[in-house]
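Enquirer:
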Amino acid sequence: MEYYVALRDATDAGDDSAASALMELQPYAVIGAEQAIERQDFAEAERLRRLVAAADPRAPSLARMASAITKGLFDQSRESRESQAALDEVATANVVAPAITPTAPPAMAPPVPVAAPTSSPTAMVPAAVAAATPVDSRASATAAIRPPATSAVAAPARTELVALRTPAPEYPDERRGRRAVGQVVASFTVNSDGTVGGIRTESVGTRHPAFERSVARTLSRWKYQPPGESRDVTMSFNFAP
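The letter at position 217 of the sequence shown is residue 220 when you use our numbering, and the numbering goes up by one with no holes.
1) Assuming LEU54 and GLU5 make a contact with CB atoms under 8 Å, what is their CB distance in whole Å?
2) What span of residues does the beta strand (DSSP E) with ASP91 cover, start to end?
3) How would you call GLN87, buried or exposed, if buried means at least 16 neighbouring beta carbons within 10 angstroms?
4) Looking only at its chain, what residues have a beta carbon closer than 7 Å to the beta carbon of ASN241, apart from the 5 residues adjacent to it on each side?
5) Going by CA-CA distance only, name the one from VAL207, GLY180, SER80 that's closest to PRO60.
6) Alpha helix (DSSP H) containing ASP12: first to last residue?
7) How would you write the range of the beta strand (DSSP E) that GLN186 sits in, first residue to last?
8) So VAL218 packs on PRO175, CB below 8 Å; how close in whole Å?
9) Give the DSSP-derived three-state secondary structure of GLY200 in the structure shown.
10) Who does ASP235 pair with in a DSSP beta bridge?
11) Look up SER223 in the DSSP assignment and say whether it is helix, strand or coil.
12) I need the boundaries of the alpha helix (DSSP H) containing LEU167, first residue and last residue.
13) Which residues mark the beginning and the end of the alpha helix (DSSP H) in which ASP19 is found?
14) Using the C-alpha atoms, what's the distance from ILE40 back to GLN79?
15) So the candidates are TYR7, GLN43, GLU215, ALA48; which of them puts its Cα closest to the Cα of ALA69?
16) Under the three-state reduction of DSSP, which class applies to GLU205: helix, strand or coil?
17) May I have the straight-line CA-CA distance separating VAL99 from LYS74, to the nearest angstrom?
18) Between ALA46, ALA57, TYR31, ILE34, which has its C-alpha nearest ASP12's C-alpha?
19) Does the Cβ of SER123 have 16 or more other Cβ atoms within 10 Å, making it buried, or fewer, making it exposed?
20) Let me know if LEU222 comes out buried or exposed under the rule of 16 or more other beta-carbons within 10 Å of its beta-carbon.
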């Protein structure tokens with residue numbers, strides 16, 4: 004698209020072939036930007052949004068893409084801050100408390116020797132013995148409590164969507180007389196049971212409400228094999244008599 008934008012802008016009158024090529028490539032750039040947003044590659048999404056803006060500054064998808072990129076960057080920044088806070092908390096909990104040195108009990112005083120009696124044996128006086136009561140000092144070292152290591156669990160790989168009933172949109176009868184040609188980009192959600200909902204349609208270039216209604220009406224009848232979880236999908240449809 005960069006080549007065709009430069010080719011279109013090379014002359015004052017513009018290059019019709021470059022403008023036509025940009026019109027055809029624009030929906031694919033929109034799809035690529037939305038897929039980049041889904042996988043959180045916001046630098047690539049912003050690059051594609053700028054290309055769409057250069058190709059058609061009035062493209063209806065520009066506001067939606069800009070809003071999604073801004074929200075995604077905000078959420079990504081918030082998750083980064085929360086992860087850093089969690090790491091800081093774990094690092095603080097891992098600091099080992101200083102060990103307490105046990106205190107040795109005081110030594111017992113030796114007994115006082117008793118002198119031998121010098122007179123009658125009955126005159127013996129019992130000697131006083133100084134006994135020291137030992138102090139039972141008990142100290143326990145506090146062991147550092149470490150939180151259990153967490154192991155990262157890999158997310159299960161997402162399986163490809165399997166279509167069960169996906170008929171193509173019909174060309175509207177009311178547009179056959181004018182032999183109108185157009186393109187519609189549709190975004191929708193494949194629910195966990197395989198049904199389709201949340202359908203959004205947008206014409207590329209000139210707006211064709213009849214084409215958009217045909218796409219929305221057809222998508223509401225589509226059916227996929229239940230994927231187990233909802234999935235967002237973006238597709239492009241071309242109309243020609």
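Just so it is clear, CB atoms sit at the ideal spot from N, CA and C, and this is done for glycine as well.
Expert: This is what the structure gives:
1) 7 Å
2) From DSSP, ASP91 is part of no beta strand (DSSP E) but of the alpha helix (DSSP H) over 64-96.
3) exposed
4) GLN186
5) VAL207
6) 5-12
7) 185-193
8) So it is not a contact: roughly 10 Å between Cβ atoms.
9) strand
10) THR192
11) coil
12) First-last for LEU167: 166-168, but that is the beta strand (DSSP E), not the alpha helix (DSSP H).
13) 19-41
14) 11 Å
15) From the listed residues TYR7, GLN43, GLU215, ALA48, the smallest Cα separation to ALA69 is found for ALA48.
16) strand
17) The pLDDT assigned to VAL99 is 49, lower than 50, so where the model puts this residue is not dependable, and the model offers no usable value.
18) ALA57
19) The predicted position of SER123 is uncertain, since its pLDDT is 43 and thus under 50; a value taken from the coordinates is nonetheless stated next. That one is exposed.
20) buried
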